[in-house]
Amino acid sequence: MKSLIQKKFNELFGNDGEFFKSAGRINLIGEHTDYNGGYVFPGAIDKCILAEIALNGSEKVKVFSIDCDEYVEFGLNEEDKPDQSWACYIFGVCRETIKRGGKVAGFNAVFAGNVPLGAGLSSSAALESTFAYAINELNGNGIDLFELAKIGQSTEHNYCGVKCGIMDQFASCFGKAGCLIRLNCKTLEYKYFPFDPEAAGYKLVLIDSCVKHELASSAYNKRRESCENAAAAIRKNHPEVEFLSDAKRLWLEEVRQEISQEDFLRAEYVIGEVQRVLDVCDALERNDYETAGEMMYQTHFGMSHLYEVSCEELDFLNKLARKMDVSGSRVMGGGFGGCTINLVKEELYQPFIDAAVEQFTARFGHAPKVYPVVISDGACRA
Ligand code: ADP
Ligand code: MG
4 MKSLIQKKFN ELFGNDGEFF KSAGRINLIG EHTDYNGGYV FPGAIDKCIL
54 AEIALNGSEK VKVFSIDCDE YVEFGLNEED KPDQSWACYI FGVCRETIKR
104 GGKVAGFNAV FAGNVPLGAG LSSSAALEST FAYAINELNG NGIDLFELAK
154 IGQSTEHNYC GVKCGIMDQF ASCFGKAGCL IRLNCKTLEY KYFPFDPEAA
204 GYKLVLIDSC VKHELASSAY NKRRESCENA AAAIRKNHPE VEFLSDAKRL
254 WLEEVRQEIS QEDFLRAEYV IGEVQRVLDV CDALERNDYE TAGEMMYQTH
304 FGMSHLYEVS CEELDFLNKL ARKMDVSGSR VMGGGFGGCT INLVKEELYQ
354 PFIDAAVEQF TARFGHAPKV YPVVISDGAC RA
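Numbered according to my numbering, the sequence shown terminates at residue 385, and the numbering increases by one at each position without gaps.
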């Protein structure tokens, strides 16, 4: 990837630039907890966006995307937004940097990536973080890493029409090899925990069902509403409950009769999930991958039966994992499609993948995609 970028950069601009990269991410556990003020537990992966960049002494940005085989030029004012959607991520990062008082001088760039698009590994955050980090370095702005993540998030909100949380950009910016990061979505406090499955005889692999069911966005809004209903009911007894994640299981029990059965089940899932993130962190500190894996199964059960955001394809993959004694498996992301994330003992790794591909294809008529992942560094010079 690097030599391809280098060659293209030289061909287009006649000189050399500096290399920067940032990564896609996984989330081991902590799903639908972000908007409830709970924990998520992501890490950066060994799939990234890599860019060569050099200031060009003009007020223009000139970028070539190797994967889209497309060249775009744009200015740095609000009205200069490019038409190409991939370029909007870079334009947005420039604009959000400027809005925060940062300097953005014109630059040339060539970039490529290997984060699968739209598979739930956040290729867009990798793209934003690469450029946010690079622009900060090249202009000497001294913006801190958290603000760089927020630049990526605001880019999605203001220039790409995606109202995302902070997790993806946070993981992409803060990721470290051998670590996952527990982020408190209410306070934004974070802590690194050791996660090195290879050293303990495990591998992490995603199985992409390659389906996306229609329900996703309307169901998402309904889930959020249920969580707010439950939190509001609990708040009457316990005014300190700002978000649902602040509630104890017992406090939910107290309002069982006051809220709908559906809202109750949704809240039960969320409160359980917040606790599971803490339990997984404890387990990993003891190097106990089996307990961490078991929690992943519990999350899947909750997402399937309490939160009801799974689907046939994902339940199928999860059941197969259980049947084959895979240590941990669950749907990753919002649900209704996308990937399962699986923690697999080395000796089971290939048999599991083979069985998943074969049996899933036989059942659903199309093959799933398989993405092995290794936890890696986030935004950095490359
Ligand atoms: P994801 O879940 O992977 O973040 P998104 O739809 O949010 O999916 O972002 C995908 C978009 O990010 C692509 O449509 C493209 O505009 C941009 N993108 C990601 N990776 C690349 C790449 N390697 N080259 C060009 N654009 C990319
Ligand atoms: Mg995205």
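Just so you know, even glycine gets a beta-carbon here, dropped at the ideal spot from N, CA and C. Note that the structure is predicted; figures quoted are calculated from it, not measured.
*Okay, do the stretch 123-133 and the stretch 156-169 touch, 3+ Cβ pairs below 8 Å being the bar?*
yes
_Extent of the continuous beta strand (DSSP E) run through Cys213_ = 205-215
*Measure the Cβ-Cβ separation of Ala247 and Ala270 and say whether it is below 8 Å.*
Looking at the sequence shown, residue 247 is not Ala but Leu. Yes, Cβ-Cβ distance for Leu247 and Ala270 is below 8 Å.
*Go ahead and label Gln172 buried or exposed: buried means 16 or more other beta carbons lie within 10 angstroms of its beta carbon, across all protein chains shown.*
buried
*Three-state secondary structure (DSSP) at Val244?*
coil
*CB-CB under 7 Å to Glu150, same chain, minus the five flanking residues each way: which ones, in chain order?*
Arg103
*Tell me whether Arg103 sits in a helix, a strand or coil according to DSSP, three-state version.*
coil
*Environment of Asn290 [buried if 16+ CB atoms lie within 10 Å]*: exposed
_Please report the distance separating the alpha-carbon of Glu62 from that of Gly78._
6 Å
*asked:* Suppose you measure from the CA of Asp249 to the CA of Asn59; what does that come to, to the nearest Å?
replied: 50 Å
*Check whether the Cβ of Val118 lies closer than 7 Å to any heavy atom of ligand 1, and answer yes or no.*
yes
*So does the stretch 377-384 actually touch the stretch 22-32, counting three or more Cβ pairs closer than 8 Å?*
yes
*Per-residue DSSP class, three states only, for Ser68*: strand
*asked:* Only counting the same chain, and skipping five residues up and downstream in sequence, which positions put a Cβ closer than 8 Å to that of Gly337?
replied: Glu34, His35, Ala219, Tyr223, Val312
*Measuring CA to CA, which of Leu207, Arg259, Gly95 is closest to Val373?*
Leu207
*Any heavy atom of ligand 2 closer than 7 Å to the Cβ of Ala135?*
no
*Which residue's Cα is closest to the Cα of Asp19: Ile48, Ala112, Ala236, Cys91?*
Ala112
*Below 7 Å CB to CB, which residues in the same chain sit around Val43 once its five sequence neighbours on both sides are set aside?*
Asn30, Gly33, Thr36, Asp37, Met170, Leu186, Cys188
*With DSSP as the reference, please indicate the residues paired to Tyr74 in a beta bridge.*
Phe67
_Need the endpoints of the beta strand (DSSP E) that Cys188 sits in, please._
Looking at the DSSP string, Cys188 is not in any beta strand (DSSP E), and its letter there is neither H nor E.
*Can you tell me whether DSSP reads Leu183 as helix, strand or coil?*
strand
_At 4 residues or longer, what runs of the alpha helix (DSSP H) sit wholly inside the stretch 260-296?_
264-288
*By Cβ distance below 8 Å, which residues in the same chain neighbour Glu243 in space, the five residues on each side in sequence not counted?*
Asp249
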